[in-house]
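*Asks:* Numbering (our numbering), first residue to last: 41 to 311. Mind having a look at this structure? Questions to follow.
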DNA sequence: CGGACAACCTGGCGGC
DNA sequence: TGCCGCCAGGTTGTCC
């Protein structure tokens with residue numbers, strides 16, 4: 041589900057509620073989501089630690105604690121929200137982990153498909169160390185992007201979604217970026233010309249920023265930290281718009297399978 | 001390095 | 001209405 045913009049919005053929404061809080065309890069009805077820890081040991085290690093801050097790296101939510109680091113990946117259907125214990129939420133039906141906080145509220149992790157993951161490690165690098173650059177950071181400039189592409193012979197769309205290449209781009213934003221850059225998703229990375237690489241670089245940053253501006257895309261499962269939906273889905277140009285006219289040239293948008301993923305593009309103006 | 005595929009899970013939807 | 005197959009915003013491991 042959530043790609044970089046959605047995770048960024050969740051982090052921004054949770055930050056005021058979590059910063060400075062201390063974990064006082066941990067419960068889980070599906071402890072398999074917790075990586076490499078039996079539930080009892082996980083809880084024992086976590087309880088008492090204070091949340092110093094909240095940040096994002098790629099699609100990971102990173103909670104810096106007084107001693108360790110807690111990382112959460114929402115995968116396809118994960119949701120994270122803070123509520124009072126007596127308060128019910130539409131997502132509670134798929135509640136998997138509940139973290140009690142010292143202000144009496146709860147951080148709840150719900151996940152219909154149970155793909156989500158929770159990590160507790162001394163150093164965040166153990167989990168996010170192999171991710172590619174943050175596409176919205178200052179370090180990610182056009183030259184860096186050009187160098188990353190050098191020697192890459194794979195198909196451009198799956199490459200964009202490779203988290204070790206660039207962090208945070210998923211299926212929606214890959215399709216939208218390629219549409220904006222007018223590049224056919226089937227193209228091999230090493231056939232892109234200089235002007236096309238520049239267009240793609242700017243398109244990646246532009247669609248991710250637009251996603252954040254519109255507070256994420258809510259197709260089915262994504263919710264902001266307060267439970268409301270984002271609205272970037274109202275601004276899709278190709279994603280989930282098969283058979284509709286391309287906003288640029290009017291040709292019906294085509295949907296194909298590429299790298300095992302549904303891929304939406306305009307067969308006329310993406311070349 | 002790259003591509004194909006299975007696994008991990010549940011639920012919604014279209015087709016018959 | 002009911003059942004079946006397919007699809008879904010992600011990642012990882014295996015095999016070729």
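Beta carbons are placed, not taken as given, at the ideal position from N, Cα and C, and that holds for glycine. All values derive from a computational prediction rather than experimental measurement.
Between residue 49 and the rest of its own chain, which residues show a CB-CB distance below 7 Å, the 5 nearest in sequence each way excluded?
*Replies:* Position 9 of the first chain, counted from the start, is the residue given in the question as residue 49. 252, 255, 256, 264, 270.
*Asks:* Three-state secondary structure (DSSP) at residue 149?
*Replies:* One-based indexing of the first chain puts residue 149 at position 109. In the structure shown, residue 149 sits in a strand (DSSP, three-state: E or B).
*Asks:* So the candidates are 266, 100, 128, 240; which of them puts its Cα closest to the Cα of residue 182?
*Replies:* Numbered from its first residue, the first chain carries residue 182 at position 142. The shortest Cα separation from residue 182 among 266, 100, 128, 240 belongs to 240.
*Asks:* By DSSP's criteria, residue 104 is part of a beta bridge. Which residues make up the other side?
*Replies:* Along the first chain, read from residue 1 onward, the residue named residue 104 stands at position 64. The partner list for residue 104 (beta bridge, DSSP) reads 93, 109.
*Asks:* Going by C-alpha distance, which of 68, 164, 282 is nearest residue 146?
*Replies:* For this step, residue 146 is matched to residue 106 along the first chain. Nearest C-alpha to residue 146: 68.
*Asks:* Using the rule of at least 16 other Cβ atoms within 10 Å of the residue's Cβ for burial, across every protein chain shown, is residue 229 buried or exposed?
*Replies:* Counted from its first residue, the first chain places residue 229 at position 189. Buried is the call here.
*Asks:* Rounded to a whole number of angstroms, what is the C-alpha to C-alpha distance between residue 299 and residue 218?
*Replies:* For the purposes of this step, residue 299 is taken as the residue at position 259 of the first chain. For the purposes of this step, residue 218 is taken as the residue at position 178 of the first chain. Going by the C-alpha atoms only, they are around 15 Å apart.
*Asks:* Where do the ends of the beta strand (DSSP E) carrying residue 139 lie?
*Replies:* One-based indexing of the first chain puts residue 139 at position 99. Note, residue 139: beta strand (DSSP E), 135 to 141.
*Asks:* What are the boundary residues of the alpha helix (DSSP H) that residue 298 is part of?
*Replies:* As a working mapping, residue 298 is identified with position 258 in the first chain. Residue 298 -> not in any alpha helix (DSSP H); beta strand (DSSP E) instead, spanning 294 to 298.
*Asks:* Helix, strand or coil for residue 50 per DSSP?
*Replies:* Looking up residue 50 in the first chain gives position 10. Three-state DSSP puts residue 50 in a helix.
*Asks:* Might you give, ordered along the chain, the residues of its own chain that have their beta carbon closer than 7 Å to the beta carbon of residue 262, omitting 5 neighbours on each side?
*Replies:* The sequence position of residue 262 within the first chain is 222, counting from 1. Closer than 7 Å at Cβ, skipping near neighbours: 41, 42, 46, 256, 270.
*Asks:* Report the rounded CA-to-CA distance for residue 80 versus residue 154, giving the unit in angstroms.
*Replies:* Working through the first chain from its first residue, we reach residue 80 at position 40. Working through the first chain from its first residue, we reach residue 154 at position 114. Between residue 80 and residue 154, the C-alpha separation is close to 20 Å.
*Asks:* Going by DSSP in three states, residue 80 sits in which element: helix, strand or coil?
*Replies:* Numbered from 1 along the first chain, position 40 holds the residue referred to as residue 80. Helix at residue 80.
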